[in-house]
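Undergrad:
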Amino acid sequence: MSTDQDEKLIFSELFNRLRRAIYKYYSQCQKKSNKFLTRISLQKEQTTEPVYLIGSHTNPQWEVEVPLSYSLKYKEYYIELWLPQGSEFLLTKKGSKILIDDYPKRQSPEGTLVNYVRPARPTLKPQAAKFQFKSQCASQGKNPETNEDAYFSSRFAIGVADGVGGVKKDFGISSSAFSHELMENCKKIAEKYDSAFESSSKKLKHFLSSPLSGDQIISQSYSQVINGGSSTFLLASLQGSHLKISNLGDSSVMVLREGYSELETIFKSTPKQHSFNCPYQLSKKFTNSQIASLKNPKNIPKEIFSDEVSDADKYSIQIRKGDILVIGTDGLWDNLFTEEVFAIVKKSYEENKNDLKIAAERLVSEAKNRMSSWDATPFSLESSKHTGKNFTGGKRDDVTVIVASINDIAV
21 MSTDQDEKLI
31 FSELFNRLRR
41 AIYKYYSQCQ
51 KKSNKFLTRI
61 SLQKEQTTEP
71 VYLIGSHTNP
81 QWEVEVPLSY
91 SLKYKEYYIE
101 LWLPQGSEFL
111 LTKKGSKILI
121 DDYPKRQSPE
131 GTLVNYVRPA
141 RPTLKPQAAK
151 FQFKSQCASQ
161 GKNPETNEDA
171 YFSSRFAIGV
181 ADGVGGVKKD
191 FGISSSAFSH
201 ELMENCKKIA
211 EKYDSAFESS
221 SKKLKHFLSS
231 PLSGDQIISQ
241 SYSQVINGGS
251 STFLLASLQG
261 SHLKISNLGD
271 SSVMVLREGY
281 SELETIFKST
291 PKQHSFNCPY
301 QLSKKFTNSQ
311 IASLKNPKNI
321 PKEIFSDEVS
331 DADKYSIQIR
341 KGDILVIGTD
351 GLWDNLFTEE
361 VFAIVKKSYE
371 ENKNDLKIAA
381 ERLVSEAKNR
391 MSSWDATPFS
401 LESSKHTGKN
411 FTGGKRDDVT
421 VIVASINDIA
431 V
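Quick note: the sequence shown uses the working numbering, first residue 21, plus one each step.
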C-alpha cells in the first residue's frame with residue numbers, strides 16, 4: 021500500500037471516530053434533557069409532492085416545516101428527531117394535514133386533532149409465560165469459510181446478530197468472534213429460564229414470572245463478551261401475550277398472521293441506521309490475542325465507537341397462536357423485497373405449515389441467488405438514491421433467517 025493510501029486510510033478512520041464521538045456526546049446531552057430519539061414514518065408510495073412535519077417541538081411552534089426523507093426500500097416517508105415524550109406533531113402535504121394511524125391521537129390546546137409521542141409507561145408487573153416459540157434457522161456466509169452472522173433460539177427468545185464487515189476491511193480483524201459470542205451468551209442466559217420452566221411443576225408453571233426481555237438478555241450478554249469487534253442485533257422475546265422486539269441495526273423482523281382466507285402481514289420493523297449502509301452497532305475493543313494475529317497491527321485503535329443497548333428500537337405486538345415471525349439479517353432484506361419474502365413464506369406455509377425449515381432455507385437460497393443477479397433489489401434502489409449513480413443487482417453478504425411460529429405452552 022502506498023504512503024498516500026495509508027494517509028487516506030488513517031484520515032478516514034480519524035474522521036469516522038470524530039463523527040461518532042460527536043454523535044455520542046450529542047446523544048448523551050439530549051438524553052439528559054429528557055429527549056428520546058423518535059422515528060416517525062408514513063407508509064405511502066412516493067409522489068412528486070414533499071411531505072413535511074410540523075409540531076410543538078419547533079420555535080415557533082407549528083410553523084416550521086421539516087421535510088421527511090423517502091425510503092425506496094421500505095416505501096415510506098420517515099424522519100428521526102430527538103423529542104420530549106408527549107410532543108405533538110402532524111404531517112402535511114400540499115397544505116393538507118395527515119394523521120398517522122400508528123401513533124396515538126389527542127386534541128391539542130387549540131382543539132385540533134394531532135398525533136403525539138406517547139409518554140414513557142410505568143413498569144408493569146411481569147406477565148406469566150403464555151406462548152412459546154418453535155423455530156428453524158438457515159444461515160450461509162458470503163464466503164464458504166466465514167460467516168459473521170450469528171443467531172440463537174430458545175423457548176421464549178430468539179435473535180440474530182450481524183458482525184459488521186467494515187471492521188475487517190478497516191482493521192483486518194473479523195467481527196465473527198464478537199457476534200457469535202454475543203449470541204452464544206444470549207442463548208445461555210435465555211436457556212436458564214427455559215430450564216427453570218421445564219423443571220417446574222404443572223401448577224407452578226402458571227405462576228412462574230415472565231421470561232427476561234430482549235433488552236435484559238442482550239445487556240447481560242454484551243457485558244460478558246470478551247472478543248472485540250462490532251455487531252448489530254435483533255432480539256424477539258415473549259412476554260405474556262405480547263411479542264417484545266429490540267432492534268439495533270439493519271436486521272428486520274416481519275410478523276405474519278392467518279387471516280380469513282390466507283396469510284397477511286401485520287408488522288414489519290425498519291432498520292436503525294446512522295446513515296445509508298452505516299447501521300447502529302454494539303462494539304468492544306480488540307483483545308491482545310486478536311491484535312497479535314495481525315501482520316501489521318499499527319492502525320488498531322485503543323477504543324472502538326459503540327452505540328448503546330438503550331439506543332435500540334423497541335416494539336410491542338399483541339400476538340396470537342399461529343402467528344409466524346421472519347427474522348433476517350440485512351443479507352435477506354437488502355436482496356429480497358418485502359413482498360418477495362412474504363410470497364416465499366406463504367408458499368411454504370401452504371405446502372406444509374408445520375415445516376418451518378423449508379421456508380428458512382428457501383429464503384436464504386433466493387437471497388443468495390439474487391446477490392449474483394442483475395435484477396433490481398432493495399439495496400440497488402437505495403444505493404442509486406444515495407449516490408446518484410445507477411446500481412443494479414444484489415449485495416454480496418452473509419444471510420441468516422429465523423422462521424418461528426407462536427404456540428401454546430404445553431403444561
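Heads up, the beta-carbon is just placed ideally off N, CA and C, and yes, glycines get one too. The structure presented is a predicted model; accordingly, all values stated were derived computationally and were not measured.
1) Rounded to whole angstroms, what is the Cα-Cα separation between Asp418 and Met391?
2) Following the continuous beta strand (DSSP E) through Ala256, name the residue where it begins and the one where it ends.
3) Which of the three DSSP states, helix, strand or coil, is assigned to Phe35?
4) Just checking, does the segment 391–400 make contact with the segment 359–368 on the three C-beta pairs under 8 Å criterion?
5) Would you mind stating whether Val184 and Gln301 have Cβ atoms separated by less than 8 Å?
6) Cys157: buried (16+ other C-beta within 10 angstroms of its C-beta) or exposed?
7) Whole angstroms is fine: what's the gap from Ile324's alpha carbon to Lys305's?
8) Among Leu263, Thr166, Met274, which one has its Cα closest to the Cα of Thr290?
9) Residues in its own chain within less than 8 Å of Ser393 by CB, not counting five upstream and five downstream?
10) Using a Cβ distance threshold of 8 Å, determine whether the segment 162–182 contacts the segment 275–284, with at least three qualifying pairs required.
11) What did DSSP end up calling Lys55 once you bin it into helix, strand or coil?
12) Cβ atoms of Leu111 and Tyr136: under 8 Å apart, would you say?
13) List the endpoints of the continuous beta strand (DSSP E) containing Thr420.
14) Can you tell me where the beta strand (DSSP E) holding Gln156 begins and where it ends?
15) Tell me which residues share the same chain as Lys51 and place their Cβ nearer than 7 Å to its Cβ, disregarding the 5 neighbours each side in the sequence.
16) Which runs of the alpha helix (DSSP H), 4 residues or longer, sit entirely within the segment 321–389?
17) Ala177 and Pro231: beta carbons closer than 8 Å?
18) Measuring alpha carbon to alpha carbon, tell me which of Arg37, Arg59, Leu383, Thr78 ends up nearest Tyr90.
19) Kindly provide the ranges of any beta strand (DSSP E) runs that are 3 or more residues long and lie completely inside the segment 177–236, ordered along the chain.
20) Taking 8 Å as the CB-CB limit, is Arg59 close to chain B?
21) Between Ser241, Gln259, Glu371, Leu283, which has its C-alpha nearest Val329's C-alpha?
22) With DSSP as the reference, label Asn163 as helix, strand or coil.
23) Report back the beta-carbon spacing between Ser243 and Ser195 to the nearest angstrom; my notes put them in contact at under 8 Å.
24) For Arg40, does the three-state DSSP call read helix, strand or coil?
25) DSSP puts Thr68 in a beta bridge; with which residues?
26) Could you spell out where the beta strand (DSSP E) holding Glu100 opens and where it closes?
27) What would DSSP say about His406, mapped onto helix, strand or coil?
28) Using a Cβ-Cβ cutoff of less than 7 Å, which residues in the same chain neighbour Arg40 once the five nearest sequence positions on both sides are dropped?
29) Return helix, strand or coil for Ala170, following the three-state DSSP convention.
30) If you run the structure through DSSP and keep just helix, strand and coil, what is Gln81?
TA: This is what the structure holds:
1) 10 Å
2) 249–259
3) helix
4) no
5) yes
6) buried
7) 5 Å
8) Met274
9) Gly413, Gly414
10) no
11) strand
12) no
13) 419–428
14) 151–160
15) none
16) 350–353, 358–371
17) yes
18) Arg59
19) 177–183
20) In the displayed structure, chain B is absent; only one protein chain is listed.
21) Ser241
22) strand
23) With 8 Å as the limit, Ser243 and Ser195 do not qualify as a contact, their Cβ atoms being about 18 Å apart.
24) helix
25) None; Thr68 has no bridge partner.
26) 96–104
27) helix
28) Phe325
29) strand
30) coil
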